[in-house]
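S.K.:
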Amino acid sequence: EPFEIYTWSLRTGRLLDVLTGHNGPVCSLAFSPFTSTLVSSSWDKSIRVWDPYKSTTPAETFPHRSEVLSVAFRPDAKSVCGTTLDGTLTFWNIETGNSEGTIDVRRDLKVPSSVCYTADGACVLVAARESPHVCIYNVSQRVLLKRYSLSRKKDSKVQSKCVRFSPNGHAWAAATTRGLMVYSMDEQPFAPIALTEAVTPQRVRKMIEKKR
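Each step along the sequence shown adds one to the number in our numbering, with nothing skipped, and position 113 is 442.
1) For residue 345, which of 331, 510 and 337 has the nearest alpha-carbon?
2) Taking the beta strand (DSSP E) that residue 423 belongs to, which residues open and close that run?
3) Classify residue 377: buried if its beta carbon has 16 or more other beta carbons within 10 angstroms, exposed otherwise.
4) As an exercise, report each continuous beta strand (DSSP E) stretch of at least 3 residues that is fully enclosed by the region 448–524, in chain order.
5) Given residue 386, which residues of its chain have a CB within under 6 Å of its CB, disregarding the five upstream and five downstream residues?
6) For residue 348, write down the residues that DSSP places opposite it in a beta bridge.
7) Do you know whose CA, among 469, 503 and 330, lies nearest residue 477's CA?
8) Decide if the region 433–446 is in contact with the region 386–397; the criterion is three or more beta carbon pairs, one per stretch, under 8 Å apart.
9) Would you grab the beta carbon distance between residue 479 and residue 510 for me? Rounded to a whole angstrom, and I think it's under 8 Å.
10) Ignore the nearest five residues each way along the sequence and tell me which others in residue 459's own chain have a CB closer than 7 Å to its CB.
11) Would you kindly work out how many angstroms separate the C-alpha atoms of residue 526 and residue 508, rounded to a whole number?
12) Secondary structure at residue 377, three-state DSSP: helix, strand or coil?
13) Classify residue 367: buried if its beta carbon has 16 or more other beta carbons within 10 angstroms, exposed otherwise.
14) Would you mind stating whether residue 423 and residue 408 have Cβ atoms separated by less than 8 Å?
15) I need the DSSP call for residue 362, collapsed to helix, strand or coil.
16) Kindly indicate which residue of 341, 514 and 379 has the alpha-carbon position closest to the one of residue 495.
17) Is the distance from the Cβ of residue 371 to the Cβ of residue 444 below 8 Å?
18) In this structure, how does DSSP classify residue 433 when only helix, strand and coil are distinguished?
19) Helix, strand or coil: which one does DSSP assign to residue 418?
20) Are residue 455 and residue 434 closer than 8 Å when you measure CB to CB?
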């Protein structure tokens, strides 16, 4: 409590505003790629739309049947996708405020806890904290396209807390209980599990030069 959203200035480090309106814990936030529009998901079974520069109260509320765990903007900023505790993906049109449908993912992931769109906005990548899999769904056709396994047969169960697609759409990454895993859409999966802040492009280039 009190279930508020705080906006801060990166330039000055000062608190700008406190956004109020949710009646439960706020789980996820996402800014529009093109405007100041902000969306939030909450245990109060809603996604709320905000314009922090104009008001500290929601401009729109999208009600759900269950708690909303995460939310993501489509790359064109026209729609958002939310994941709910009852195992559903919900799609909403930001411009009209209308529902664009749902996808039931309980059979694949049980409780989806993280979602992001592919670079072209045609699909969504979804992960669940209690599942060793990450799934890609086609938005328009509402079908599962592919399911990735985060663990091998000899490994213990690996779970993912967050997934994100690269801006060019050629790769995606999962933050897991075994570390950061990066998968290529073009080649065989590349899955480093021990990446740290010390692994920088500069150090990688130096290592390559030494091996030469």
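We put the beta carbon where it would ideally sit given N, CA and C, even for glycine.
M.R.: Walking through what the data contain:
1) Selected option, being the one with the closest Cα: 337.
2) From DSSP, residue 423 is part of no beta strand (DSSP E); its letter is neither H nor E.
3) buried
4) 452–456, 462–467, 472–478, 489–494, 500–505 and 508–513
5) 350
6) 334
7) 503
8) no
9) Between residue 510 and residue 479 the Cβ distance is about 6 Å, and since that is below 8 Å, they are a contact.
10) Excluding its 5 nearest sequence neighbours in each direction, residue 459 has C-beta neighbours in its own chain below 7 Å: 439, 440 and 488, listed in chain order.
11) 12 Å
12) strand
13) buried
14) It is a contact, given that the beta carbons lie within the stated cut-off.
15) coil
16) 514
17) no
18) Three-state DSSP puts residue 433 in a strand.
19) strand
20) yes
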